[in-house]
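Sequential numbering of the sequence shown, starting at 526, is according to the numbering used here.
Beta carbons are placed, not taken as given, at the ideal position from N, Cα and C, and that holds for glycine.
This report concerns only the one structure given below.
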Amino acid sequence: MIEATREVDPELACPIAPVVDIVFSRWTTPILWTLNEFGRQRFGELERRITTITPKVMTQRLRQLERDGLVVRTYYAGVPPRVEYEISDLGRSLAPLFATLAEWSVNLDKVEAARRAYDARQRPRNPEDGRAAE
Numbered sequence: 526m527i528e529a530t531r532e533v534d535p536e537l538a539c540p541i542a543p544v545v546d547i548v549f550s551r552w553t554t555p556i557l558w559t560l561n562e563f564g565r566q567r568f569g570e571l572e573r574r575i576t577t578i579t580p581k582v583m584t585q586r587l588r589q590l591e592r593d594g595l596v597v598r599t600y601y602a603g604v605p606p607r608v609e610y611e612i613s614d615l616g617r618s619l620a621p622l623f624a625t626l627a628e629w630s631v632n633l634d635k636v637e638a639a640r641r642a643y644d645a646r647q648r649p650r651n652p653e654d655g656r657a658a659e
């Protein structure tokens, strides 16, 4: 007998979806990679290494990464006070995943070639009615 199809939460249908949400949200990967590669850093050091992120977004991402247990924030009282960030053991456990992705990156040229081929196959659309141009 065939079991009735039932709806399943996407998280249950694809168990890696929550991992992807945590690890691959915008800016998480560059921050974790930088902390793993260069060790403990102050905010300004991270900013100099990840030049395209705004300070506001960097602060938000670091707070979220700290909340998720992937980054450790250490506050040093003093004049002036300072804060340092480092990747946690949990964050460091992602290193094999990042290494695998780095190995896969040799395929990026193939992805770009596939995109160009796809785009070349698409016929220009008539802007007036959206139909393919004849």
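What whole-angstrom Cβ distance do residue i and residue j have, given they're in contact under 8 Å?
i	j	result
G616	L557	6 Å
Y610	R565	7 Å
L587	V596	6 Å
S613	G594	6 Å
R574	T559	5 Å
Taking the alpha-carbon positions, what's the residue i to residue j distance?
i	j	result
N632	K581	33 Å
P649	E637	20 Å
V544	Q647	34 Å
N561	T554	10 Å
C539	E532	13 Å
R592	R607	19 Å
A624	D546	19 Å
If you follow the beta strand (DSSP E) that residue i is part of, which residue opens it and which one closes it?
i	result
V604	No beta strand (DSSP E) holds V604; DSSP gives it neither H nor E.
Helix, strand or coil for residue i, going by three-state DSSP, please let me know.
i	result
Q647	coil
I541	coil
I547	helix
By the DSSP assignment, the alpha helix (DSSP H) with residue i in it spans what residues?
i	result
L619	Counting along the chain, L619 falls outside any alpha helix (DSSP H), and DSSP gives it neither H nor E.
N561	553-563
Is the shortest distance between the beta-carbon of residue i and the beta-carbons of chain C less than 8 Å?
i	result
T577	No chain C is present in this structure, which holds just one protein chain.
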